[in-house]
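A.B. asks: In the working numbering, the protein residues as written are 70 to 283.
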DNA sequence: CCGGTTCCAGTTTTACATCA
DNA sequence: TTGATGTAAAACTGGAACCG
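Here you go:
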């Protein structure tokens with residue numbers, strides 16, 4: 070569990086949250102002598118005698134939620150002093166305010182995670198598309214290369230029939246000199262054939278993936 | 001070490017909305 | 001209208017961390 074972000078607050082919270090805080094008193098008054106267990110009965114009967122409408126209501130009013138939201142917007146953490154002040158202002162138990170902030174932080178965290186996930190997904194999809202585009206480009210270039218090689222071969226063969234001279238031999242030499250780096254640029258060196266013969270499958274998978282999740 | 005407090009993650013309970 | 005079902009919010013539980 071990660072408590073680090075709250076370390077600083079926790080340094081002084083105990084001083085601000087005395088053992089005889091109002092809620093503890095309430096629990097004591099309700100007759101729970103030892104540890105303030107707050108377990109509810111299965112059905113909320115609104116208190117000991119099961120009754121008043123006010124007690125039975127659990128949902129906070131829009132006004133209460135508004136004020137809580139405002140406070141949460143200012144600061145996600147709730148110091149004891151602010152909790153008590155808010156509770157007084159809203160006519161709520163400080164414990165309720167604390168619980169509300171706790172749940173609100175959890176909702177906020179979930180939302181942030183969802184946003185993060187969504188952004189990562191978008192970025193991943195963009196990368197897949199880019200990868201697909203590049204692979205297609207590699208295929209195109211490979212085709213061009215193949216055509217060029219054929220053309221060279223054709224020229225060389227026709228050149229054999231022509232009386233050889235200095236220019237033709239120099240041409241042949243120059244091609245040999247060009248070939249290795251020319252291939253190297255397209256990654257033939259040190260790459261296996263999948264790089265060139267795999268892309269269609271890869272692109273298909275990428276597009277299927279995107280269709281599946283978009 | 002202990003008791004009291006906070007926090008969080010996970011769970012349960014409740015209120016409310018929707019739909020057949 | 002009503003009961004089943006889903007969902008969001010309120011409340012709870014238990015464990016970890018920290019402090020005096």
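Quick reminder that beta carbons are idealized off the backbone N, C-alpha and C, glycines included. Because the structure is a prediction, the values reported are computed rather than measured.
Write down the C-beta distance between residue 175 and residue 152 rounded to the nearest angstrom, noting that I regard them as a contact closer than 8 angstroms.
C.D. replies: With 8 angstroms as the limit, residue 175 and residue 152 do not qualify as a contact, their Cβ atoms being about 17 angstroms apart.
A.B. asks: Since I believe residue 158 is in contact with residue 136 (beta carbons under 8 angstroms), could you give me their beta-carbon distance rounded to a whole number of angstroms?
C.D. replies: Contact flag correct, Cβ pair sits at about 7 angstroms.
A.B. asks: Drop a sphere of 10 angstroms on the beta-carbon of residue 347, count the other beta-carbons inside from all chains shown, and report buried for 16 or more, exposed for fewer.
C.D. replies: Outside the shown range of the chain, which is 70 to 283, sits residue 347, and nothing can be said about it.
A.B. asks: Could you tell me the distance, in whole angstroms, from the CA atom of residue 155 to the CA atom of residue 148?
C.D. replies: Near 11 angstroms, if we compare the C-alpha coordinates of residue 148 and residue 155.
A.B. asks: Applying the 10 Å Cβ sphere with the 16-neighbour rule, what's the burial state of residue 204?
C.D. replies: Under this definition residue 204 is a buried residue.
A.B. asks: Can you tell me the Cβ-Cβ gap for residue 297 and residue 141, rounded? I've got them flagged as a contact below 8 angstroms.
C.D. replies: Since the first residue of the chain shown is 70 and the last is 283, residue 297 is not available in this structure.
A.B. asks: Relative to the C-alpha of residue 129, which residue among 195, 160 and 192 is closest?
C.D. replies: Ranking the options by Cα distance to residue 129, first place goes to 160.
A.B. asks: Just the Cα atoms here: how many angstroms apart are residue 209 and residue 202?
C.D. replies: Roughly 11 angstroms separates the two Cα atoms.
A.B. asks: Measure the alpha-carbon distance for residue 225 versus residue 187 and round it to whole angstroms.
C.D. replies: Using only the alpha carbons, I get a separation of about 56 angstroms.
A.B. asks: What is the residue span of the alpha helix (DSSP H) that residue 151 lies within?
C.D. replies: Run containing residue 151: 149-159, per the alpha helix (DSSP H) assignment.
A.B. asks: State the DSSP-derived secondary structure class of residue 105, mapped to helix, strand or coil.
C.D. replies: The predicted position of residue 105 is uncertain, since its pLDDT is 32 and thus under 50; no value can be drawn from it.
A.B. asks: From 162, 199 and 144, pick the residue whose C-alpha is nearest to that of residue 133; which is it?
C.D. replies: For residue 133, the nearest C-alpha among the options comes from 162.
A.B. asks: Considering just the uninterrupted stretch of the alpha helix (DSSP H) at residue 136, what are its terminal residues?
C.D. replies: Segment 131-143, the alpha helix (DSSP H) holding residue 136.
A.B. asks: According to DSSP, is residue 229 helix, strand or coil?
C.D. replies: Note: residue 229 maps to helix in three-state DSSP.
A.B. asks: Closest to residue 171 by C-alpha separation, out of 146, 183 and 192, would be which residue?
C.D. replies: Nearest option by C-alpha distance: 146.
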